[in-house]
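Written out below as C-alpha cells is the structure these notes cover.
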Amino acid sequence: MCENGLSRVADEEADSDIISRTIEECKIAHQSNPYFTMAEPHMEQQWKYIWPLIKRFSFARVLEIAPGYGRNTERLLEHSQEIHLIDVNPSCIDKCKERFSNYQGKCRLYFYVNDGHSIPEIPSDYVTFIYSWDSMVHFDKLVVRDYIREFKRTLAPKGGGFVHHSNYGRISQSSDWRSHPHCRSNMTKELFVDYCKGAGLDVVFQRVFDWGGEKDLDCVSIFEKPA
Ligand SMILES: C[S@@+](CC[C@H](N)C(=O)[O-])C[C@H]1O[C@@H](n2cnc3c(N)ncnc32)[C@H](O)[C@@H]1O
1239 MCENGLSRVA DEEADSDIIS RTIEECKIAH QSNPYFTMAE PHMEQQWKYI
1289 WPLIKRFSFA RVLEIAPGYG RNTERLLEHS QEIHLIDVNP SCIDKCKERF
1339 SNYQGKCRLY FYVNDGHSIP EIPSDYVTFI YSWDSMVHFD KLVVRDYIRE
1389 FKRTLAPKGG GFVHHSNYGR ISQSSDWRSH PHCRSNMTKE LFVDYCKGAG
1439 LDVVFQRVFD WGGEKDLDCV SIFEKPA
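Sequential numbering from 1239 applies to the sequence shown in the numbering used here.
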C-alpha cells in the first residue's frame, strides 16, 4: 500500500473511534436526565418557531431522529399519518411507547433503538419527511455526516428534512462536545451543506440562531432530495 493509502486507513480508523466514543458519551448523557422534564414546557414556544418552517412538507411517512421522551412527536402526531421514532437509548424509546400507549388517533407509530448513526430498519426511498430538534446539536460532525448519508438513502424523491444542529464548530473543531457551551458539537452551518452535497441532497434553507445567550450557537437546515 502506498503512503497515501496508509494515511487514509489511519484517518478512517481515527474517525471510527471518534464516532463510537461520542455516540457512547451522548447515549450515557441522556439515559436519565432532568433535561426531559425541564424541556417539556418549552415545546409550545419552540413549535411556534418550527412549524412555519416545516408545514409545507408531506407528513405521510415521517422519520424522527432522537425523540427523547416524545415532546416533538406529540406535535408531529397531529399532522402525520406515520412516524418512525429512532433513538440510541432504549430508555427513551420505552418512554415514548409509554407516552403514546393510549393514543387513539389516525397516526401509526413505529419505534426503534439504533446504533447511533445508521437506520437500517427504514427502507430506501421511503420517508417523505425527516425531523430532528434539540438532539443532533450534540452529535459529532462525523455522526451527522453518517446520518445525512442515511437521509439521502431513506428519503423518497422530492422528500425533505429539517435538522437542528450545532454551529459551534466555527469556534472549535474538538470532538470533546461536553466541554463546549450547551454541549454543542463541532458541526457548522457550512459543513452541513458540504455533507448534503456529498450525499446528493440539496440544502434549501438555513438559519443560524442564538441558544442560551450564546451568539450564533445553533443552526436549522432544511434539505430536499431531488426528484
Ligand atoms: C437532548 S435530548 C432531545 C430529545 C428530543 N429531541 C427533545 O427535543 O426533547 C437528545 C436525545 O438524543 C438521543 N441521542 C443521543 N445520541 C444519539 C444518536 N447518536 N442517535 C440517536 N439518538 C441519540 C438521546 O437518547 C436523547 O433522546
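Glycine included, each C-beta is placed from N, C-alpha and C at the ideal position. These figures come from a predicted structure and were not determined experimentally.
Inter-residue Cα distance where the pair is residue i and residue j
| i | j | result |
| --- | --- | --- |
| E1282 | N1310 | 10 Å |
| Q1269 | Y1307 | 11 Å |
| I1292 | L1315 | 14 Å |
| S1339 | V1351 | 17 Å |
| H1317 | V1381 | 29 Å |
| C1334 | R1346 | 13 Å |
| E1251 | I1288 | 37 Å |
| A1277 | S1245 | 44 Å |
| I1331 | N1242 | 43 Å |
| A1248 | S1258 | 16 Å |
| S1185 | G1354 | Residue 1185 lies beyond the residue range present for the chain, which begins at 1239 and ends at 1465; the question has no answer from this structure. |
| E1336 | S1373 | 20 Å |
| S1417 | S1356 | 26 Å |
| D1253 | E1302 | 25 Å |
| V1401 | G1343 | 26 Å |
| V1431 | S1423 | 16 Å |
| R1408 | Y1341 | 42 Å |
| I1360 | D1440 | 21 Å |
| W1415 | C1421 | 5 Å |
| T1366 | K1390 | 11 Å |
| E1388 | P1272 | 30 Å |
| F1349 | R1299 | 13 Å |
Counted within 10 angstroms of its Cβ, other Cβ atoms place residue i as buried (16 or more) or exposed
| i | result |
| --- | --- |
| K1396 | exposed |
| A1304 | buried |
| F1297 | buried |
| G1399 | buried |
| E1262 | exposed |
| R1294 | exposed |
| K1463 | buried |
| T1260 | buried |
| V1448 | The question names Val, yet the displayed sequence has Asp at residue 1448. Exposed is the call here. |
| T1275 | exposed |
| Y1433 | buried |
| K1427 | buried |
| H1322 | buried |
Residue(s) in a DSSP beta bridge with residue i
| i | result |
| --- | --- |
| W1449 | E1452 |
| V1441 | F1461 |
| G1398 | F1367, E1462 |
| F1349 | L1323 |
| L1393 | V1365 |
Any chain D beta carbon closer than 8 Å to residue i
| i | result |
| --- | --- |
| I1266 | Within the model displayed, chain D is absent; a lone protein chain is all it includes. |
As assigned by DSSP and simplified to three states, the class of residue i
| i | result |
| --- | --- |
| V1375 | helix |
| I1331 | helix |
| L1429 | helix |
| F1359 | The sequence given here has Glu at residue 1359, not Phe. Note: E1359 maps to coil in three-state DSSP. |
| E1302 | strand |
| S1404 | strand |
| L1315 | coil |
| S1270 | coil |
| N1340 | coil |
| D1414 | coil |
Whole-angstrom C-beta distance between residue j and residue i, which should lie under 8 Å
| i | j | result |
| --- | --- | --- |
| D1378 | I1256 | 6 Å |
| D1454 | V1446 | 5 Å |
| A1394 | Y1364 | 6 Å |
| C1457 | H1403 | 6 Å |
Residue i beta carbon near ligand 2 (any heavy atom closer than 7 Å)
| i | result |
| --- | --- |
| P1358 | The ligand content of the structure shown is limited to ligand 1, which means ligand 2 is not among them. |
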